[in-house]
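Okay, so here's the structure we're looking at.
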Amino acid sequence: VAFLWARTRRICSEWSMGEISGAMGDLGTLLPFIVALAKDGFISIGPALFFAGVFNVTSGVQWDMPMPVQPMKAIATVALTTSFLNSRSVLCAGILTAATVATLGLTRGIEFLHWIIPMPVVSGIQVGLGIRMIHKGFKLAGKTDTWIGIDSKLTGLIAVIATLSLRGNKRIPTALIVFIVGLIIAAVIVGTNGGGDGSFPNDGKSSPITWTLSDLTAEDWRDGFIHGTIPQVPLTTLNSVIAVTKLAHDLYPQRRSEISRVGVASAVGTMNLFGCALGAMPMCHGAGGLAAQHSFGARGGLSIVFLGFCKMLVALVFGGAAILSLLSEFPDAILGALLGISGLELAVSGFKGVNDFVHTTSDNDISRKFRPAALIVFLATAGTTVATGNTAIGCLAGLIVSIFESRAYKDIVSPSSTDIGEKKLQPQELREEQKVGSIGSVSIGGLPVESIIGSTGEGVEDIKTEQKMETIFVVANDS
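Going by the numbering used here, the first residue of the sequence shown is number -16, and it counts up by one from there.
Shown next, in the form of structure tokens:
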């Protein structure tokens, strides 16, 4: 109780227009999925929107940062693009994914995954997802057939220019203004069309909480696991837990102790185990959503607490059909603009981390050493993620490249040796060879010793070459 009271007072003290604007930053990811899934009958939009609001509020109170709540994209994509899943198997996929991720969190297995996945892979996933989001934003804006009109390419262009030009202004809630303009356009379209697909504005008698587990069959659990859980678990562990935790640490370094991979994994599992049973759609956190909300001004938990209450209020007052009628007419050009800018923020955050692992500071903290292998791993991960749209495949590609680029692997496939003339000698044989001639006849890496130690001819006790796995001791003036 003391924690809740203190956290509530802290969140209320964060009130600013930047927080309200930032609350709208992630709608470019949420709205397309939730509207498409509802229109195709995979979810009930009233309970889905209500529990999305509940999860927003609990996440804001738990971490006091703009931790987003998004649809599980792999499950949603499979449902929308194939015939493998139905409304019941979508719920099963969400529950099984939640159980897996919660187990990884409670057993600290997520820490093992973080240990074996190099940071260039995580940054590569962030950049790859960011570029994909930008591309999807362009595709959404490009769905409009005209340059001039209420929902046109010009509308999207104006939204992008306005958002980018006012992005750093904390007094003007850019995303909120853009979103309200989109709602006004959608309301005009719905009113012009005579109410759209459902009754408007009142379908609020339906309950926002629905028990969903009574009609599930073994086939639903099987299909949900094979076609939903298997592709979703890698995406959730990488983007919704590991990547989002890294991004939170980068954006809010003063709160590193407040957010952990174990805590995020446990939260994702818990909210879906309870929520999916009561009508929620499978939800998770995400690095893209965090980047988006931060980009539009959110810095604390107030932004998503406000967004959560708005979602719950809309679900309770208007009901499913009215919401679907309104959101289905939301301008694609404005959605594309919001999504594209969110993707840009995520890609920039990923690129910022590149310098940390491509250049490392030496032990004496004076010089910096370039690490091309880390850059290659990063580019392989980002490129594969962009090309396939699958973070699991991108992660696998990055891990494979990191193995081939590792020093241990190169030492195995190309063992080091030392050349003297054209003869390869082992260190002991080399030592005997060096004792026979004068010091001028000994070479290291093809260079005479005199050119290394100077012309004085004085002895050298311990000269180490730069070659990997190889040390040569030159003994001069042995007597």
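Ideal Cβ placement from N, Cα and C applies to all residues, glycine included.
Two segments are said to touch when three or more pairs of C-beta atoms, one from each, lie closer than 8 angstroms; by this definition the segment -10 to 3 does not touch the segment 234 to 244. In this structure, DSSP gives M266 an extended state, which the three-state scheme calls strand.
When DSSP assignments are scanned along the segment 285 to 337, the uninterrupted stretches of alpha helix (DSSP H) that are 4 or more residues long and fall wholly within it turn out to be 285 to 300, 303 to 310, 315 to 335. Just so you know, the alpha carbons of I131 and A275 end up roughly 28 angstroms apart. Using a Cβ distance threshold of 7 angstroms, V247 and V224 count as a contacting pair. Of all alpha-carbon atoms in I58, L10, L20, G88, the one lying nearest the alpha-carbon of R244 is that of G88. In the structure shown, the three-state DSSP call for P214 is helix. Exclusion of the five residues before and after A298 leaves G29, L32, F33, P191 as the residues of its chain whose Cβ lies within less than 6 angstroms of its Cβ. Setting aside the 5 residues that flank it on each side, G125 is surrounded in the same chain by K136, G319, each with a C-beta closer than 8 angstroms to its C-beta; the list follows chain order. The alpha carbon of G272 has as its nearest neighbour, out of M264, N222, T200, the alpha carbon of N222. Residue D9 holds the alpha-carbon nearest to the alpha-carbon of I317 among C75, D9, I213, A(-15). Bounds of any alpha helix (DSSP H) do not take in G8, whose DSSP letter is neither H nor E. Annotated three-state conformation of P103 is helix, per DSSP.
Here P49 carries a coil assignment [DSSP, helix/strand/coil].
In this structure, DSSP gives P30 a helical state, which the three-state scheme calls helix. In this structure, DSSP gives P355 a helical state, which the three-state scheme calls helix. Along the segment 57 to 114, the alpha helix (DSSP H) occurs as fully enclosed runs of 4 or more residues at 70 to 89, 92 to 99, listed in sequence order.
Under the three-state reduction of DSSP, P236 is assigned to helix.
Looking only at E312, A59, G372, V84, the smallest Cα-Cα distance to T127 is reached by E312. For V288 and D203, the gap between their C-alpha atoms comes out near 34 angstroms.
DSSP, reduced to helix, strand and coil, places P191 outside both helices and strands of the structure shown, so it counts as coil.
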